[in-house]
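Numbering (the working numbering), first residue to last: -9 to 213.
Here a beta-carbon is modelled for each residue, glycine too, at the ideal position from N, C-alpha and C.
To start, the structure under review is shown below, and the notes come after it.
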Ligand code: AP5
């Protein structure tokens, strides 16, 4: 199962990806997390992208495409993967197709900008695993503490309001055209399904819809 979660910053892609990994054992490819790991480990890539990410801008396509190509060729991706945060431009989407990779399911999680701006100030993450929480909507069992490791949670450096507004504006300009791209694809290719989900519902309600969609696709592919 090759699926992609599409949506603006803070739409809930990482939150739902975590659920899909646990429920269906499908690995997640989060380009944002790969880049944050590179920054944390002070690699050459990390040095190159830190400033770009702190400003809320997109990392150049060629860097991202190479990163994803390498990750997809790893053995755990043989039977499928969840793309979270990739592709983010038409160039990235075309590069995926040129690799011969056709997505079974593209899910857009749609959330209005105003909701995102309010939501992002409450996000907390566990840097080592990428697990995501929210102070109000998805709180950890113990305040500021990761549920599994007990380690402290932090706020992302690009979650301040100014950067979030910049990321939203880049999303509308460069990533939103992918909604039309995948909508068209799903009307011309019966093997590629596009679904839009209202991302203002609760985390559990969205999980249930995604769960049902994945079961449906699995059944269709097997039948
Ligand atoms: P990336 O890490 O991909 O960030 P993003 O797309 O901006 O998405 P986020 O991780 O911010 O949000 P999310 O949708 O995963 O939401 P989450 O589940 O955390 O990218 C970061 C940067 O890396 C980019 O700006 C760019 O510089 C670079 N980059 C990455 N990929 C790139 C690419 N392909 N090309 C170029 N550059 C790239 O949820 C957010 C919060 O809301 C959490 O606190 C969560 O608990 C809460 N929440 C989730 N769902 C709900 C709900 N239903 N109701 C209430 N609260 C909810």
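Proximity test, residue i beta-carbon vs the ligand AP5 heavy atom, cut-off 7 Å
i           : result
residue 49  : yes
residue 36  : no
residue 9   : no
residue 56  : no
residue 30  : no
residue 92  : no
residue 167 : no
Below-8 Å beta-carbon distance, residue i vs any chain D residue
i          : result
residue 54 : No chain D is present in this structure, which holds just one protein chain.
Span of the alpha helix (DSSP H), counted from its first residue to its last, around residue i
i           : result
residue 110 : 103 to 110
residue 159 : 151 to 160
Cβ-Cβ separation, residue j to residue i (assumed contact under 8 Å), whole Å
i           : j           : result
residue -6  : residue 73  : 4 Å
residue 172 : residue 96  : 4 Å
residue 106 : residue -2  : 6 Å
residue -9  : residue 148 : Actually they do not touch by this definition, with Cβ atoms about 30 Å apart.
residue 78  : residue 156 : That pair is no contact at about 14 Å.
residue 114 : residue 144 : 7 Å
According to DSSP, residues forming a beta bridge with residue i
i           : result
residue 169 : Answer is none; residue 169 lacks a bridge partner.
residue 142 : 135
residue 122 : 115
residue 100 : 188
residue 183 : 95
Range of the contiguous beta strand (DSSP E) that encloses residue i
i          : result
residue -7 : -8 to -4
residue 19 : 18 to 20
residue 73 : 71 to 74
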